[in-house]
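Numbering (the numbering used here), first residue to last: -9 to 266.
In this text, a Cβ means the ideal position worked out from N, Cα and C, and glycines have one as well.
Bear in mind the structure is a predicted one, so any value in this text is a computation, not a measurement.
All remarks here apply to the structure that follows.
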Amino acid sequence: MTWKRMKRLMRHDSTLKSLYEWSPPFFSRLLHLSSSQALHVYRYLHATNPKHIRDQYKTRNIEIITPLHEAYPKRLLQIYDPPWVLYGKGDISLLHASSLLAVVGTRTPTDYGTQALKHLLPPLIKKKVPIVSGLATGIDGLSHSLAIKHSGKTVAVLGSGFDYIYPREHKKLANTIASEHLLLSEYSPSTPPRKWQFPARNRIISGLADLIFIVEAGERSGSLITAYQALEQGKEVRVLPGSIFSPYSKGTNTLIEEGAAPVLTPEHLWLDIWEN
């Protein structure tokens, strides 16, 4: 069930009340599925008890949030392809924080990138600006850790389900975030990590935030995907400038050339709309 197929389904019946009355041929026509795929969807629906699944999630303190739910973040409703469902563990109220800063970057930061982040983020964290990132190795993990260290709040958006924390070395960090902050995913808990899910995850990171800060990114860095998605969403993108000789700064320097504002001081990560 791709995002576009879900959109077709919701257009036909936004309440989903008639879902269990549809036949496999109807699913095939409506969702452009092969006969075998449509039969699989039909059998899955009639073999699955939604209440049982919901109760299981409840015992694990997993919140299920859809666009029809009042807890669904309004920022995500404004993007082109908001997730149809969000699974959350932790403080759901962070989805409605008055200020949210997304920080993403390379998985292999230089000493310069690490020290710059340690200098630039704490003043924002102390001003109660929650940090959104993707729990990846490198800049993402450091951003979450800095928020925790400086008594701030952080949101980690996963590219997998809660049962498959990736990377594995961040499992302890993920547990801390789930208990004291917010762990978020559009994938059900039993979904393992797949390569294509991480670029899709990036649109949620940028969609949740008001400002996206890119810290060290090569020419083909996944962080650039987040940057361009953020620009398409109408979000503010700012970047850490770097050496013209560093391969880790080629992507970020290109963003500056294209019009993104360079971040030289903590004040450059502040938005005037956060004043209130």
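Asked: Heavy atom of the ligand ADP within 7 Å of residue 261 beta-carbon; Found: Summarising the ligand content, the structure contains no ligands, and the ligand ADP is consequently not present.
Asked: Ordered list of alpha helix (DSSP H) runs contained in the stretch 180 to 225, each at least 4 residues; Found: 187 to 198 and 212 to 222
Asked: Exposed unless 16 or more other CB atoms sit within 10 angstroms - verdict on residue 219; Found: buried
Asked: Distance between residue 78 and residue 163 (C-alpha atoms, nearest Å); Found: 16 Å
Asked: DSSP three-state assignment for residue 176, whether helix, strand or coil; Found: coil
Asked: Local Cβ density within 10 Å of residue 37, reported as buried at 16 or more and exposed below that; Found: exposed
Asked: Beta carbon of residue 256 nearer than 8 Å to that of residue 242; Found: no
Asked: Option in 206, 53 and 151 with minimal Cα separation from residue 85; Found: 53
Asked: In DSSP terms, what residue 252 is bridged to; Found: 229
Asked: Cβ-based neighbour list, residue 180, same chain, cut-off 6 Å, excluding 5 preceding and 5 following; Found: 151 and 153
Asked: Start and end residues, alpha helix (DSSP H) containing residue 170; Found: 161 to 170
Asked: Where residue 191 falls, given that 16 or more other Cβ within 10 Å makes a residue buried; Found: buried
Asked: Contained alpha helix (DSSP H) runs [length at least 4] in the stretch 90 to 166, N- to C-terminal order; Found: 101 to 116 and 129 to 139
Asked: Whether residue 76 touches residue 43 by CB criterion (8 Å); Found: no
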